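Following this note's numbering, the numbering of the sequence shown begins with 11 at its first residue and continues without gaps. Glycine included, every Cβ here is placed at the ideal spot set by N, Cα and C. Quantities reported herein were computed from a predicted structural model and do not represent experimental measurements.
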Amino acid sequence: MASSDRGRHLGRRGFLTGGAALAGGVVGFGAGDRTAHSTSPDRATLADSGAVGDAREPFYGLRQAGVTTAPQTHAVFLAFDLDQNARRENLIGVLRTWTQDAARLTQGRSGLADLQPELADNPARLTVTIGFGPDLLGKVGLGDRSPQWLRPLPAFPQIDRLEDRWTGGDLLLQICADDPITVSHASRVLAFGVRGVVTQRWAQRGFRRAVGTDPSGRTQRNLFGQLDGTVNPAPTESDFETLLFSDGADQRWMRGGTSLVLRRIRMTMTTWEEIDRHSRELSVGRKLDSGAPLTGAVEHDPADFEAMNNVGLTVIPAESHIARAHSRNRTETILRRPYNYDDTPEPGQTSNSGQLFAAYQADPVRQLVPIQQRLAEQDMLNTWTVPIGSAVFAIPPGCQDGDYIGRGALEEIVPRGVVEFGSVSGQSQ
């Protein structure tokens with residue numbers, strides 16, 4: 011295909027609003043810490059044994075679950091705004107409430123104010139991950155404690171068509187499980203418990219392959235039919251932890267935490283389905299069936315961006331998605347954990363489908379933004395994708411029973427017996 015052709019191609023309320031929210035002891039990190047690695051059987055085994063509903067992921071630990079946890083089938087990302095008159099102690103109350111309820115729900119126990127406790131019996135690998143938006147700490151007088159990278163992504167006017175209803179937020183709940191009722195119930199319990207202090211800004215729901223559909227560990231496909239997430243870093247790589255988790259050099263309380271960038275990307279399915287298979291593969295730079303680069307045979311073969319075809323063109327087009335997204339150095343490495351969405355079409359639409367692009371990294375300004383800038387400047391997939399939402403959150407480190415997520419930012423207390431960053435193997439989800 012010619013180059014030109016390619017281009018076409020206590021009451022809870024009182025607990026939240028009173029000074030009692032500051033009470034309570036802290037259990038320090040110690041030798042008895044539970045790791046955040048899943049101890050559950052793999053997804054295919056769960057489906058065969060009927061144990062999907064009973065599978066559990068640990069909540070307490072050095073890091074929050076839901077980042078390196080094997081992705082569950084269903085997810086909802088909920089953003090909230092802190093009410094204008096809320097004070098630091100109110101925010102502490104919210105975080106205590108979420109921590110306590112999440113710890114119970116993930117282990118198959120009902121929330122403290124749960125009106126449908128029977129729905130908590132089957133956690134189905136439920137994880138609840140809490141995040142802080144760019145303006146949160148400033149709203150309670152602690153803006154100097156925000157990491158330097160915690161700000162909205164720069165504008166990408168070439169591609170962005172951001173809508174307020176999918177953008178921003180002071181607080182995040184990322185709720186994932188292998189059962190949609192579990193996700194829905196946890197969302198309801200956690201949102202209900204903090205009414206009057208925060209207001210829900212948006213909810214974005216996504217899905218992946220059902221448990222047992224694919225062998226455990228296989229790279230998932232997005233709605234374009236592409237294998238999505240081939241080049242994710244692996245926990246076995248020596249720099250995995252430093253790429254993903256903060257060392258606390260910027261803000262001490264973020265040591266062991268990470269960041270989440272959530273981009274809502276609309277996929278124009280109707281026009282994508284109008285182009286032939288070869289054009290789709292040139293746009294991506296990979297074979298649709300195997301996910302192999304156009305210069306390779308299997309999915310994880312390295313791409314050869316210099317290889318030429320018999321008419322003197324690069325086999326992988328320079329403007330293809332993988333050529334533009336390819337990391338120029340090791341620093342440009344992120345962990346992708348995407349979900350699909352397929353919502354009811356709005357008036358004038360024939361489809362309303364896309365991806366919730368969820369990327370985790372120690373510093374999004376250093377690791378993600380350079381990649382995103384190249385994609386915005388030139389990426390053949392931009393013809394069929396439109397970013398319509400964007401949000402950045404700090405994901406604080408985990409906590410122990412008796413503590414709460416984010417305490418280090420709000421009270422600046424370092425738990426006793428903290429293990430030095432990177433010194434413990436296997437402390438990620």
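Residue nearest to residue i in terms of C-alpha spacing, selected from the options
i    : options                   : result
D314 : N320, P327, G322 and V321 : P327
F217 : L115, C186 and I381       : C186
R73  : F403, P407 and L115       : P407
R135 : P127, W108 and R119       : R119
K149 : Q168, L163 and D91        : D91
S156 : G235, R347 and D145       : D145
L147 : Q261, T354 and L237       : Q261
E247 : P355, R340, P133 and I140 : R340
E291 : Q236, A307 and L183       : Q236
A113 : D411, L420, R417 and E421 : D411
P164 : V375, A80 and Q388        : V375
P312 : R296, M318 and N319       : R296
N100 : G266, Y70, G151 and G267  : G151
Beta-carbon separation (whole angstroms), residue i vs residue j, contact threshold 8 Å
i    : j    : result
Y370 : S269 : 7 Å
S293 : S330 : 6 Å
V193 : H84  : 5 Å
I275 : T395 : 5 Å
L442 : S197 : What is shown of the chain runs 11 to 439, which leaves residue 442 out entirely.
D358 : L172 : Going by the sequence as given, residue 358 is Gly instead of Asp. At roughly 19 Å, the Cβ-Cβ gap does not stay under 8 Å, so G358 and L172 are not in contact.
A123 : G203 : 6 Å
R231 : D238 : 6 Å
N350 : L233 : 5 Å
P133 : L160 : That belief does not hold up - the Cβ atoms of P133 and L160 are roughly 31 Å apart, past 8 Å.
H195 : L129 : 4 Å
R273 : P81  : That belief does not hold up - the Cβ atoms of R273 and P81 are roughly 17 Å apart, past 8 Å.
Beta-carbon proximity check, residue i vs residue j, cutoff 7 Å
i    : j    : result
L105 : I405 : no
A220 : T137 : no
D131 : G121 : no
V62  : D188 : yes
G143 : F367 : no
M264 : G364 : no
F166 : A386 : yes
A401 : G178 : yes
T343 : P243 : yes
L378 : V241 : no
I169 : N392 : yes
R215 : V86  : yes
W176 : I140 : no
Terminal residues of the beta strand (DSSP E) in which residue i lies
i    : result
I169 : Note, I169: premise wrong, no beta strand (DSSP E); not H, not E.
M277 : T268 to M277
T395 : T395 to I405
H84  : H84 to L92
W212 : V208 to F217
Contact with chain C by residue i, beta-carbon distance below 7 Å
i    : result
D352 : The chain inventory of the structure shown lacks chain C, comprising one protein chain alone.
Beta bridge counterpart(s) of residue i as assigned by DSSP
i    : result
I326 : None, per the DSSP bridge assignment.
G141 : L182
R466 : Summary: the structure shown does not reach residue 466, with the chain confined to residues 11 through 439, and so no result is reported for it.
S363 : M277 and D352
M318 : T324
A187 : H84
P303 : R296
R205 : V208
Limits of the unbroken alpha helix (DSSP H) element including residue i
i    : result
A333 : H331 to A335
F250 : F250 to L254
K297 : Per DSSP, K297 belongs to no alpha helix (DSSP H) and is neither H nor E.
A419 : R417 to E421
W108 : R98 to L115
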